Structures are given as structure tokens and as C-alpha cells.
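Visitor: Structure in C-alpha cells, see below.
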Amino acid sequence: MKSAMQPASPDNFSPATQALLDRAEGLCTRQGARLTQQRREILGLILDAPTPVGAYDLLEQIKSPERKPAPPTVYRALDFLLEHGLIHRIEKLSAFVACTHLLHNDHAHDCAHDHHHDDMCLHTAQFLICRSCKNVTEISTPAILDAVRATCRAEGFVIQSASVEIEGLCAACAQKRPAPAHAH
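Quick note, the sequence shown lines up with residues 0 to 183 if you use numbering that gives the first Met the number 0.
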């Protein structure tokens with residue numbers, strides 16, 4: 000993650016992040032939208048973050064002596080990135096992560112979603128959130144989405160947004176914890 004002392008700029012992003020940003024720009028163009036420099040910078044910071052990043056953390060990272068953006072600047076960029084399926088909001092953490100499936104899939108459709116979407120092209124997400132290290136892993140388990148859809152259909156409920164957040168311990172943190180003693 001970039002420090003507040005070093006403002007984000009295209010020169011600060013790795014070649015791998017630059018490639019993902021170029022891919023995101025292409026997806027936006029196919030959707031008839033524009034990934035502006037500000038949006039690209041915010042997305043780059045989210046891509047580079049080792050854990051989900053909050054809006055005010057992003058604001059601090061883009062500040063510089065010459066540039067003092069206000070919170071609405073970051074929120075507008077985040078809204079755009081959410082609307083175009085490039086990032087997800089992790090409600091439990093009030094933070095954002097890049098959509099790993101979208102940005103790493105070589106067969107993105109014009110709607111930009113080629114995983115877990117319904118007839119209305121509703122982008123859905125499922126996440127494993129580590130309570131210890133705050134790492135978030137986006138998963139793709141069709142059975143979870145199918146169960147949610149079936150329940151909603153049975154209730155006559157129309158899904159407009161779907162995000163499943165499962166909390167626990169990642170494999171690395173689970174290994175660090177001592178095994179619970181079993182009573183015999």
C-alpha cells in the first residue's frame with residue numbers, strides 16, 4: 000500500500016497493476032464509460048492494497064502538497080468503480096476491494112460481468128473475510144448464489160444487489176492459533 004508521504008501516481012504502480020488498470024479501462028470503454036485519471040488512480044490504490052481499503056485511507060493516499068482533494072472526490076470515483084463492477088464494497092469492514100474475477104478473466108462480456116450475474120446482469124459477490132488479518136478473498140460458488148436466488152423467488156423478492164460475506168480465519172491465521180483442547 001502506498002504511504003501518505005508518497006502520493007499515488009501512474010508511475011508508482013507496478014507493471015502488473017498497470018496491466019489491470021489498462022484492462023479496466025478497456026472494460027469501461029466497452030461499457031461506454033471513461034476511466035478518468037482520478038478513477039484510475041483510486042482503482043490502482045485498491046488493486047495495490049494488501050487488504051480492503053477505506054475511502055478516507057484512499058483520500059490520504061492521493062493527497063499531496065499541490066493537491067488536497069475533498070472526500071466527495073473519492074466517493075464519486077468509488078461510486079463509478081462500483082457501478083461498473085470493478086470493485087466491491089465489503090460492508091462488514093466499510094472498505095473496498097478490486098473485483099478479482101472481473102479483472103483477471105480473459106473472457107469479459109460487454110456487460111463486463113461473466114460470473115455470477117442474472118438476466119438483468121446483476122453483479123453478485125461472495126467473500127471470505129479473515130477476522131484476524133482482515134484479508135478478503137472473493138470466491139465463486141454457484142451453489143451459494145443458486146440458494147439465495149431460489150429463496151428470493153419463493154418469497155417473491157426481487158434481488159437488486161447480492162453480496163455474501165462470510166467471516167472466519169484464513170488458512171494462515173487458523174494455523175497460527177492453537178488447536179482447541181477436546182474434553183474426553
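C-beta atoms are modelled at their ideal positions from N, C-alpha and C, and glycine is treated no differently.
In this text, all values refer to a predicted model and were calculated from it rather than measured experimentally.
Are three or more beta carbon pairs between the region 54-68 and the region 126-144 nearer than 8 Å?
Guide: Taking 8 Å as the limit for Cβ pairs, the verdict is that the region 126-144 does not touch the region 54-68.
Visitor: Indicate whether the contact test is met: 3 or more Cβ pairs, each with one atom in the region 46-55 and one in the region 70-78, closer than 8 Å.
Guide: Taking 8 Å as the limit for Cβ pairs, the verdict is that the region 70-78 does touch the region 46-55.
Visitor: Just how far apart, CA to CA, sit His-114 and His-100?
Guide: Legend: pLDDT at His-114 = 43, less than 50; position of this residue unreliable, value from coordinates given subsequently. About 7 Å.
Visitor: Measuring CB to CB, does Ser-162 end up less than 8 Å from Glu-90?
Guide: Contact: yes.
Visitor: Let me know if Gln-125 comes out buried or exposed under the rule of 16 or more other beta-carbons within 10 Å of its beta-carbon.
Guide: Per the 10 Å Cβ criterion, buried.
Visitor: Tell me the rounded alpha-carbon separation between Leu-127 and Glu-166.
Guide: Looking at the two C-alpha atoms, the distance is approximately 6 Å.
Visitor: Once you ignore the five residues that flank Thr-136 on each side, which residues in its own chain have a CB closer than 6 Å to its CB?
Guide: Cβ within range, chain order: Leu-127.
Visitor: Where do the N-terminal and C-terminal ends of the alpha helix (DSSP H) with Leu-92 fall, by residue?
Guide: No alpha helix (DSSP H) contains Leu-92, which DSSP labels as neither H nor E.
Visitor: Tell me the rounded alpha-carbon separation between Gly-25 and Pro-177.
Guide: C-alpha separation (whole angstroms): 47 Å.
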